[in-house]
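There are 2 protein chains.
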Amino acid sequence: MKLADLPTPSLVLDRTILSRNLQVMANTLARLGVPLRPHMKTAKSIDVARMALQDQPGGITVSTLAEAEYFAAHGITDILYAVGITPQKLDQVAKLNAAGADIIVITDDPDTASAIAAHPAPPRALIEVDSGEERGGVLPEDDLLPELARRLGPTLRGIMTHAGHSYSGRSVADMARIAEMERAACARAAGRLREAGYMVSIVSAGSSPTARHAENLAGITEMRAGVYMFGDLFQAEIETHGMDAIAVTVLTSVIGRRPGRVLVDAGGLALSKDRSTESAPHDYGFGLALDLAGTRAYGNAIVRRAYQEHGVIEMDPARPIDLPVGGRLRIAPNHTCMTAAAHDRYYVVDGDHEVIAIWPRINGW
Amino acid sequence: MKLADLPTPSLVLDRTILSRNLQVMANTLARLGVPLRPHMKTAKSIDVARMALQDQPGGITVSTLAEAEYFAAHGITDILYAVGITPQKLDQVAKLNAAGADIIVITDDPDTASAIAAHPAPPRALIEVDSGEERGGVLPEDDLLPELARRLGPTLRGIMTHAGHSYSGRSVADMARIAEMERAACARAAGRLREAGYMVSIVSAGSSPTARHAENLAGITEMRAGVYMFGDLFQAEIETHGMDAIAVTVLTSVIGRRPGRVLVDAGGLALSKDRSTESAPHDYGFGLALDLAGTRAYGNAIVRRAYQEHGVIEMDPARPIDLPVGGRLRIAPNHTCMTAAAHDRYYVVDGDHEVIAIWPRINGW
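Same order as they appear, the protein sequences are chains A and B. Each residue of the first sequence is one higher than the one before, counting from 283 in the numbering used here. Each residue of the second sequence is one higher than the one before, counting from 283 in the numbering used here.
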C-alpha cells in the first residue's frame, strides 16, 4: 500500500524522523545523566512507546486513565498519570493496579491527599509542584507542601512538576533558563521534604523544550516529554527542534480549486482548531502545506481557514500548488498532540511513499 | 446511572432540549413549505438521526464517507455527501451504493464532473453553487455552471449551496438577508440550467442560521442544517437560538483549585480548541461553566486556558464555583460540532441527573 492508495484525510507517521527525534532526546538526557519517562499523551501508541523506551528504565507518563489501561494491557506497568487525581478516580486506579499496573497519581489538594492515603488500595503518589507554569501544583515555599506530604503518608514517593511555561519561550536560551527554573523548584521542594524527614525517591520534571535544552538536571531523577517524538510547527518555532523533525503530517486530497487557493479535505477535525503558532514568530494558520513526499513546503502555502471537513489553503504565488482535484499533499500540524487525537491510527512510512505499518492509537477517556 | 457516576470528561446530551430544537426547526421549515435533509455531521448518531427525520422525507446529509457507510448500514439510504467529491472516492461511493445506499455527490470541478459521468456505477450528482461563502462552488453566473451540467450528463440531479457566510451575521435580520442571498443564488443557478434544458429536481440549500431565519424559500426543494439540533454558545451569540437551547455539554470534574480559578479535567481535547466566539459579541474562551444540572451558569465563569487534558476556569467573583476537587460541573461548548467529535458516545439525560441511554457516535473518516 502506498500513500496514494490511502483514504483521505489520514494521519501519516514517518518512522525515520521519529527514530531520529527519539535518538536526539535520548542522547541529550544521557549526557545529563537523567533517564526518560516518555509522555505517551502525544503518540498514544504502544508501537511508539516501545521505540521511545529503548535504553530507558521502562516507565511512562500518561494523560488519561484510558491510556493507562491500554499501556498496562500491553505490559507497561510503571505509569505516571500526570493529571491531578480526584478521589472518585481512585477506584479505577486501584482496579488497574490490581490487574498488574503500578500507577502513580499526583495531587496538590489536601483532601485528595487524605483520600489517597485512606483508600483501601492506595497507589503511589507524588506532590505536584508549580515551577512557574501557574496551572496546577503547589509552590515549593508553600506551607501546603509539607502538609500534603503529611497527609499522603506512606503513599508519598516524591514530587513532580511540568514546566509548561517553556511554551512561552522563543529561543534555546529561554528554554535553558526555564529548565533551570524547573530544576530549581524541584530541588527546593524535594529539599524541604527531605529536611522534614520524608523519603523523596522520585523527582520528576519535564516538557519537551526543557528536556531538550536543559544544561543541568542535578537533583532530577527523571524527565518527562512527549511532543518531541513527533514535533510540530509550534515546537519548530520555539526551537525545540528543526523543521525537518516533524514526523507526523495529515495526508489530504485537493477537493476544489480557486484562483490563489485550493480546498482540501482536511479541515478543523482532521487538523484540529489549534492555533498555537498564532503567537509564534511565524503564524502557520491551521498548518503548512507540504508535497506528497512530505519533504518540501509549497513555499508559504498555509491552511488559512478550517471548516469541519474543509481546509482552505492560500497558495504562495512563488510556488503554486499545481494539483488537480484528487491530487494529494500533506499538512504539517501546528500542534501534533491535538491533530493526532482526531485519528484512530497512524499510517507509517519510512521516508517513502510505501506504507509499512498501521499503528492504532488509544483516544478518548 | 447518574451524572455523578460517569467518568469525566464525558459528553452529555439533553434529549428534552434536543427534541425542542428539532421541533422549532421543523415548524419553521414547515411554515415555509420546505422539507429538511438534516445534516448529521454534528450529531453523527443514528439515534439522533431518527428523531431529526420525524415527519421529514427521510434523506440526510453527511460530511464523511464514514458517516455515509454508518447511516446506510442503519437503513438510511438517501444520503447527500456534502463535501466536494474526488474521482478517487467514486469507487467507495459506488461500493456503498451497491450495498443499498443511494449517495448523492457534489462537485464544482469539470474534470471531476467528467469522472462522475464516466464511472461504471455513477452516483447522482449536484453542482455546488457559491451563494456568497467563497469556499467551494461555482457562481450562478459563471460559464462553468452549464459546462458542469453538460459534463455530468444523466447523473445531474440539480444544485446545492451552503450559506456558510451566515456565520458572519450577528442578528436575525442579518440571517434573513443572507438566507435571501442563498435562495436567490439557487434560483438563478437552477433557472439557468432549466433554460438550457436540464432537469433540476433538487435545489438544496442551508445552514442552521439561514434555515432558522429565512423568510422565503421559494424555489428551494430542501434545506440542510445540523448544528441547530444541539446548539452552542456561538449559535446563541449569532441568534440562531437562545442560551436555553444548548443540548450538548461536557461533564467535567474539578481537579485543582487556586484563588480565582478552578482546574478541570476537560481541556483542549474534550472541549476542542475551537474559538468561534472570539469574534462574537461575547467571547466565551473555550466554554462556559454551568452547574451539574446544566441549567445555571456560574456567572461569567469561562474556560480561559485549554491544555490537552486541563481546562482553567476563571471564576466570576459574583458567583464562585464552590466545589471541592472531584466536584462536578458542565461546560457549554463554543462549537458543538468540534467538541462532540472528540467523544465516542453521548450520555443521554432528560433534563435530569439520570442517564437514560448511551448513544454511540461515528467519528473519523
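For each residue, glycine too, the CB sits at the ideal point set by N, CA and C.
If you drop the 5 nearest sequence neighbours on each side, which residues of the same chain put their C-beta closer than 8 angstroms to that of residue i?
i	result
residue 437 of chain A	398, 399, 404, 405, 406 and 407
residue 300 of chain B	330, 333, 511, 512 and 529
residue 416 of chain A	447
residue 338 of chain B	308, 317, 318, 319 and 320
residue 640 of chain A	627, 628, 629 and 630
residue 602 of chain A	580
May I have the straight-line CA-CA distance separating residue i from residue j, to the nearest angstrom?
i	j	result
residue 348 of chain B	residue 355 of chain B	11 angstroms
residue 316 of chain A	residue 477 of chain A	23 angstroms
residue 574 of chain B	residue 610 of chain B	6 angstroms
residue 629 of chain A	residue 440 of chain A	39 angstroms
residue 434 of chain B	residue 411 of chain B	15 angstroms
residue 325 of chain B	residue 614 of chain B	16 angstroms
residue 580 of chain B	residue 295 of chain B	20 angstroms
residue 591 of chain B	residue 537 of chain B	11 angstroms
residue 606 of chain B	residue 586 of chain B	20 angstroms
residue 588 of chain B	residue 432 of chain B	50 angstroms
residue 571 of chain A	residue 643 of chain A	24 angstroms
residue 473 of chain B	residue 391 of chain B	20 angstroms
residue 401 of chain A	residue 286 of chain B	19 angstroms
residue 638 of chain A	residue 593 of chain B	37 angstroms
residue 421 of chain A	residue 490 of chain A	22 angstroms
residue 612 of chain A	residue 382 of chain A	41 angstroms
residue 375 of chain B	residue 369 of chain B	10 angstroms
residue 350 of chain A	residue 624 of chain A	19 angstroms
residue 563 of chain A	residue 449 of chain A	13 angstroms
residue 645 of chain B	residue 551 of chain A	10 angstroms
Could you tell me the boundaries of the beta strand (DSSP E) in which residue i lies?
i	result
residue 442 of chain B	438-443
residue 642 of chain A	637-642
residue 532 of chain A	530-540
residue 361 of chain A	360-363
residue 384 of chain A	384-389
residue 375 of chain B	Looking at the DSSP string, residue 375 of chain B is not in any beta strand (DSSP E); the run it does join, the alpha helix (DSSP H), is 372-380.
residue 571 of chain A	570-572
residue 545 of chain A	543-546
residue 343 of chain B	342-344
Which first and last residues belong to the alpha helix (DSSP H) in which residue i is found?
i	result
residue 299 of chain A	297-314
residue 486 of chain B	That residue, residue 486 of chain B, is in no alpha helix (DSSP H); its beta strand (DSSP E) goes 484-487.
residue 288 of chain A	That residue, residue 288 of chain A, is in no alpha helix (DSSP H); it is neither H nor E in DSSP.
residue 650 of chain A	Beyond the ends of chain A as shown, which are 283 and 647, falls residue 650 of chain A; an answer cannot be given.
residue 506 of chain B	It is not in any alpha helix (DSSP H) - residue 506 of chain B carries neither H nor E in the DSSP assignment.
residue 557 of chain A	It is not in any alpha helix (DSSP H) - residue 557 of chain A carries neither H nor E in the DSSP assignment.
residue 491 of chain A	490-495
residue 333 of chain A	328-334
residue 347 of chain A	347-355
residue 338 of chain A	Taken as a continuous stretch (DSSP letters only), residue 338 of chain A belongs to no alpha helix (DSSP H), as it is neither H nor E.
residue 516 of chain B	515-519
Assuming residue i and residue j form a contact by the criterion Cβ under 8 angstroms, report the distance between their Cβ atoms to the nearest whole angstrom.
i	j	result
residue 363 of chain A	residue 387 of chain A	6 angstroms
residue 543 of chain B	residue 595 of chain B	6 angstroms
residue 322 of chain A	residue 508 of chain A	7 angstroms
residue 616 of chain B	residue 569 of chain B	6 angstroms
residue 633 of chain B	residue 298 of chain B	4 angstroms
residue 506 of chain B	residue 346 of chain B	Not a contact, Cβ separation roughly 15 angstroms.
residue 445 of chain B	residue 492 of chain B	5 angstroms
residue 547 of chain A	residue 389 of chain A	About 44 angstroms; that fails the 8 angstroms criterion.
residue 620 of chain B	residue 556 of chain B	4 angstroms
residue 583 of chain A	residue 314 of chain A	Contact doesn't hold; Cβ gap of about 39 angstroms is too wide.
residue 310 of chain A	residue 494 of chain A	6 angstroms
For residue i, which residues of its own chain have a beta-carbon under 7 angstroms away from its beta-carbon, when the five flanking residues on both sides are left out?
i	result
residue 502 of chain B	316, 465, 468, 485 and 487
residue 525 of chain B	518
residue 284 of chain B	635, 636 and 637
residue 451 of chain B	457, 460, 491 and 520
Ignore the nearest five residues each way along the sequence and tell me which others in residue i's own chain have a CB closer than 6 angstroms to its CB.
i	result
residue 292 of chain B	533 and 629
residue 341 of chain B	319 and 360
residue 475 of chain B	431 and 482
residue 428 of chain B	478
residue 372 of chain A	401
residue 554 of chain B	620 and 621
Checklist entry - Which whole runs of the alpha helix (DSSP H) in the region 585-627 of chain B are 4 residues long or more, in chain order? => result 618-622
Next on the checklist: Report the start-end ranges of each alpha helix (DSSP H) in the region 407-467 of chain A that is 4 residues or longer and not cut off at the edges.
Outcome noted: 426-434
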